[in-house]
Amino acid sequence: MNSNLFIYNTLSRTKELFEPLKPPFVGMYVCGPTVYGDPHLGHARPAITFDLVFRYLKHLGYKVRYIRNITDVGHLENDEDEGEDKIAKKARVEQLEPMEVAQYYSDRYFLFMDKMNVSRPSIEPRASGHIIEQILMTQKILDAGFAYVVNGSVYFDVNKYNEKYGYGRLSGRKIEDMVSNTRKLEGQDEKMNSVDFALWKKAQPEHIMRWPSPWSDGFPGWHLECSAMSTKYLGEQFDIHGGGLDLLFPHHESEIAQSTAATGKASVKYWMHNNMITIEGQKMGKSLGNFITLDEFFTGNHKSLTQAYSPMTIRFFILQAQYRSTLDFSNEALQAAEKGLKKLFAGIDTLSKLVPSVYLKIEDRGQRTDKDFHSPSSIIHPLLQGCYNAMNDDFNSPVVIANLFEAVRIINSVYDKKESISAEDLEEMKNLFNTFVFEILGLKEEKTDSGNELVDGLMETILSLRQRARENKDWPASDQIRGDLEKMKITVKDTKDGAVWNID
RNA sequence: GGUAUCGUGGCCGAGUGGCUAGGCAGAGGUCUGCAAAACCUCGUACAGCGGUUCGACUCCGCUCGAUACCUCCA
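Using this note's numbering, the first residue of the first sequence is number 7, and each one after it goes up by one.
#1: Note down the Cα distance separating PHE225 from ARG132, rounded to an integer number of angstroms.
#2: What residue ranges within the segment 411-459 form continuous alpha helix (DSSP H) runs of no fewer than 4 residues, ordered along the chain?
#3: Count the other C-beta atoms from every protein chain shown that fall within 10 angstroms of the C-beta of PRO256, then say buried if there are 16 or more, exposed otherwise.
#4: According to DSSP, what are the bridge partners of PRO226?
#5: Which word fits GLY287, buried or exposed, when buried means at least 16 other C-beta atoms lie within 10 angstroms of its C-beta?
#6: On the premise that ALA272 lies in contact with ILE262, defined as a C-beta separation below 8 Å, what is that separation, rounded to the nearest angstrom?
#7: If contact is defined by three or more beta carbon pairs under 8 Å, each pair taking one atom from either stretch, is the segment 474-490 in contact with the segment 345-359?
#8: Give the straight-line distance between the Cα atoms of LEU320 and LEU350, rounded to the nearest whole angstrom.
#9: According to the neighbour-count rule (16 or more other Cβ atoms, all chains shown, within 10 Å of its Cβ), is GLY295 buried or exposed?
#10: Please determine, among SER112, LYS170 and PHE444, the residue with the shortest C-alpha to C-alpha distance to MET318.
#11: What's the C-alpha gap between PRO45 and LEU27?
#12: Quick one: is ASP503 buried, meaning 16 or more other Cβ sit within 10 Å of its Cβ, or exposed?
#13: Between which residues of its own chain and PRO382 is the CB-CB distance below 6 Å, once the five residues before and five after are set aside?
#14: Can you find the residues in the same chain that come closer than 6 Å, C-beta to C-beta, to THR332, ignoring five residues on each side of it along the sequence?
#15: Could you check the C-alpha separation between ARG114 and GLY135 for me, to the nearest Å?
#16: Per DSSP, what kind of secondary structure is ASN15 in: helix, strand or coil?
#17: Under a Cβ-count criterion, where at least 16 other Cβ atoms within 10 Å of its own Cβ denotes burial, should SER112 be classed as buried or exposed?
#18: So the candidates are PRO220, LYS275, SER260 and LEU253; which of them puts its Cα closest to the Cα of GLY241?
#19: Could you tell me whether the Cβ atoms of ASP202 and PHE162 are closer together than 7 Å?
#20: Taking C-alpha atoms, which residue in ALA234, ARG175 and ASN157 lies nearest to MET198?
#21: Have a look at ASP490 and LEU23 and give me their C-alpha separation to the nearest angstrom.
#22: With 16 other CB atoms within 10 Å as the buried threshold, where does MET494 fall?
#23: Please work out which residues of its chain come closer than 7 Å, Cβ to Cβ, to GLN140, disregarding the five sequence neighbours upstream and downstream, and give them in chain order.
#24: When the distance is taken between beta carbons, is TYR35 closer than 7 Å to ILE73?
#25: Excluding the 5 residues preceding and the 5 following LYS196 in the sequence, name in chain order all residues of the same chain whose CB lies nearer than 8 Å to its CB.
#26: Say whether the segment 116-130 touches the segment 168-182, bearing in mind that this needs 3 or more beta-carbon pairs closer than 8 Å, one atom from each stretch.
#27: Any contact of the segment 243-259 with the segment 51-66, i.e. 3+ C-beta pairs under 8 Å?
#28: So SER447 and VAL406 are in contact, right, with Cβ under 8 Å, and what is the actual spacing, rounded?
#29: Return the CA-CA distance between ASN165 and ILE181, expressed in angstroms with no decimal places.
#30: Does the pairing of the segment 11-20 with the segment 47-56 give three or more beta-carbon distances under 8 Å?
#31: Output yes or no for whether 7 Å exceeds the beta carbon distance between LEU469 and ALA505.
#32: Mind listing, in chain order, the continuous beta strand (DSSP E) runs of no fewer than 3 residues lying wholly within the segment 308-358?
#33: Going along the chain, which residues of its own chain have a beta-carbon closer than 6 Å to the beta-carbon of PRO39, five neighbours each way excluded?
#34: Determine the contact status of PRO104 and MET215, defining contact as a CB-CB distance below 7 Å.
#35: In this structure, what does DSSP give as the bridge partners for GLU22?
#36: By alpha-carbon positions, which one of ILE137, LYS21 and ASP183 ends up nearest to PRO220?
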């Protein structure tokens, strides 16, 4: 557990050695989805990024409590007077109960995350289930003197907070600049200062989602849920807080302010931010209307998509970029990922068929030179070490994958009898794939109908007929069978051990 | 305008002060009845201009360009 894991901390803009506050326990909080729309590719990135973090920390032996919230209330439409809750607005349009909408899209979110093999977090709290905690936190901030009440709404006093603790440290903003640069919005007259934000908003009569509070019937402000729920489940101070880069300001900045104002100390040790997925160089997002939902990816049902892409292809595509880089979507890039993933799993399949060579190597007597290229310490072990080094360097999954492809190259060479492998190497190789492909990267094979007894039996019959044709050098018949199967998406390959087939 | 990040070969995408990323696509070769797969070889990328240095794609400055945030957004 005494690892050399380095994490890029947005707070310091450097990679820092990861040292949990209370080892072996690790507390991690990640901003989850607002459930008022179908999950799109952008939602997949943080989910997979922090799943990778979750999986790796567990692999290192930490006991991780991972919280990812569901925002089913709390984000204001804007900061204006009539600021209405997004969930409520959508609900009115569709004439549905707000919670029905939230439930529907929550279910959709879970469904698609499961398909991409994203682990379920330890706790997935809902904002609507933590109104009391949010009210209590608002009260605490009021008591500390960093908030004020106007007409039943409660606002955070950013200026006062700034004087004592400094506001803007995460995002590198100065409050003076912000005051002069904040756009003039309608109906800001309640706030003492334009940079102040709402902790509690009084609900207008038409506002559906509302709860009683000491100040008014209303609803919590849009940064409050994360502060309240992270504190509830992880304590006043915890290790990692993650989320999309687009949440850095003002959301995370305000979270820091709220928690610090309430408790007098900084709550988060490591701030992690995943970068955006872009499409034609632009952020894929709701407001731009250029997003593609996960459902559309999986079905191929979208005008920008030339084909469907499987959940694992999406996962692999995301893991092929480091989480802090922007990732540009294109059909070409996705197809490259699809083929690469196929090659990886073909390699794993081949690995299970390998037999170790039995000859006694000269280096087994002790002396080792650079030419001893078949001992564990000289070919497989460096790859394993390379994977750990990459993960320890701020979760550099693309480098892990590069190491895995090198391993696949070795597997194929051994299978082609161009290289040999010792029993120890073979075991280490299997360990490498089990650990990194399945456990840490969380990839899994998407098997189709293979394994179905009926299909297997039919295929055996068909291929034995084709084999007879081949033995008779009846190439037209042989090729026709292969061609007909190809039309049914069944690929037949002739190897020296006979024909093998698989369904695409 | 402010803040931040970034500009790598046909595409995606790592990385580094002097030493191979990797995947996809492309070219040639081996194997194969053919095909597929696999393996081998190849292309001399690091926006531009200066500076530091024995040496920079990597450090510094400037220019150009891109993106994100400053309003809900993963």
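Quick reminder that beta carbons are idealized off the backbone N, C-alpha and C, glycines included.
This structure is a prediction, so every number in the text was calculated from the model and none was measured.
By the coordinates alone:
#1: Stepping through the first sequence from its first residue, residue 225 is reached at position 219. Stepping through the first sequence from its first residue, residue 132 is reached at position 126. Each residue's alpha carbon lies about 14 Å from the other.
#2: 429-439
#3: Residue numbering aside, residue 256 sits at position 250 when the first sequence is read from its first letter. The residue in question, PRO256, is buried, as its Cβ has 16 or more Cβ neighbours within 10 Å.
#4: On the first sequence, residue 226 is found 220 positions in, with the first residue counted as 1. TRP206, per the DSSP bridge assignment.
#5: For the purposes of this step, residue 287 is taken as the residue at position 281 of the first sequence. Exposed, since its Cβ has fewer than 16 Cβ neighbours within 10 Å.
#6: Position 256 of the first sequence holds residue 262. Position 266 of the first sequence holds residue 272. Between ALA272 and ILE262 the Cβ distance is about 7 Å, and since that is below 8 Å, they are a contact.
#7: no
#8: By 1-based counting over the first sequence, the position of residue 320 is 314. By 1-based counting over the first sequence, the position of residue 350 is 344. For clarity, residue 320 is Ile in the given sequence; the question names Leu instead. If you take the alpha carbons of ILE320 and LEU350, they lie about 15 Å apart.
#9: Taking the first residue of the first sequence as 1, we reach residue 295 at position 289. Answer is exposed; the Cβ neighbour count stays below 16.
#10: Along the first sequence, one-based indexing puts residue 318 at 312. Checking every option, the nearest Cα to that of MET318 belongs to PHE444.
#11: For the purposes of this step, residue 45 is taken as residue 39 along the first sequence, with counting starting at 1. For the purposes of this step, residue 27 is taken as residue 21 along the first sequence, with counting starting at 1. The straight-line gap from Cα to Cα measures roughly 34 Å.
#12: Taking the first sequence and counting its residues from 1, the one referred to as residue 503 is at position 497. Answer is exposed; the Cβ neighbour count stays below 16.
#13: In the first sequence, counting from the first residue as 1, residue 382 sits at position 376. With a pLDDT of only 41 at PRO382, under 50, the local geometry of the prediction cannot be trusted, and the value read off the model is given with reservation. GLU430, ASP431 and GLU434, listed in sequence order.
#14: Counted from its first residue, the first sequence places residue 332 at position 326. ASN281, MET282 and THR284, listed in sequence order.
#15: As a working note, residue 114 is residue 108 in the first sequence. As a working note, residue 135 is residue 129 in the first sequence. Between ARG114 and GLY135, the C-alpha separation is close to 19 Å.
#16: Taking the first residue of the first sequence as 1, we reach residue 15 at position 9. Three-state result, ASN15: strand.
#17: Against the first sequence, residue 112 aligns to sequence position 106. The residue in question, SER112, is buried, as its Cβ has 16 or more Cβ neighbours within 10 Å.
#18: Reading the first sequence from its first residue, position 235 is the one you call residue 241. Answer by Cα proximity: LYS275.
#19: In the first sequence, residue 202 corresponds to position 196, counting from 1. In the first sequence, residue 162 corresponds to position 156, counting from 1. In this structure, PHE162 lies closer than 7 Å to ASP202 by Cβ.
#20: Here residue 198 refers to the residue found at position 192 when the first sequence is read from its first residue. Among ALA234, ARG175 and ASN157, the Cα nearest to that of MET198 belongs to ASN157.
#21: Your numbering for residue 490 matches position 484 in the first sequence. Your numbering for residue 23 matches position 17 in the first sequence. Whole-angstrom Cα-Cα distance: 57 Å.
#22: Here residue 494 is taken as the residue at index 488 of the first sequence, counted from 1. When all chains shown are included, MET494 counts as exposed.
#23: Indexing the first sequence from 1 puts residue 140 at position 134. Hits under 7 Å: PRO226, LEU230, GLU231 and ALA234.
#24: As a first step, residue 73 must be located in the first sequence, where it is residue number 67. As a first step, residue 35 must be located in the first sequence, where it is residue number 29. Taking 7 Å as the Cβ cut-off, ILE73 and TYR35 qualify as a contacting pair.
#25: The residue you call residue 196 lines up with position 190 of the first sequence. Before going on, a small fix: residue 196 reads as Glu here, not Lys. Cβ within range, chain order: ASP87, VAL156, ASN157, SER159 and TYR161.
#26: no
#27: yes
#28: Locating residue 447 in the first sequence gives position 441, where the first residue counts as 1. Locating residue 406 in the first sequence gives position 400, where the first residue counts as 1. Note on identity: in this sequence residue 447 is Leu, with Ser being the wrong assignment. Going by Cβ atoms, the distance from LEU447 to VAL406 rounds to 7 Å, so yes, they are a contact pair.
#29: The count along the first sequence starts at 1 and reaches residue 165 at position 159. The count along the first sequence starts at 1 and reaches residue 181 at position 175. Cα-Cα distance, rounded: 8 Å.
#30: no
#31: One-based indexing of the first sequence puts residue 469 at position 463. One-based indexing of the first sequence puts residue 505 at position 499. Cβ atoms of LEU469 and ALA505: closer than 7 Å.
#32: 333-335
#33: Translated into the one-based positions of the first sequence, residue 39 becomes position 33. Taken in chain order, the residues that qualify are HIS49 and TYR115.
#34: Position 98 of the first sequence, counting from 1, holds the residue named residue 104. Position 209 of the first sequence, counting from 1, holds the residue named residue 215. Yes, the pair counts as a contact, with Cβ atoms nearer than the cut-off.
#35: By one-based count along the first sequence, residue 22 stands at place 16. Bridge partners of GLU22: ILE13.
#36: For the purposes of this step, residue 220 is taken as residue 214 along the first sequence, with counting starting at 1. Of the listed residues, the one whose Cα sits closest to PRO220 is ILE137.
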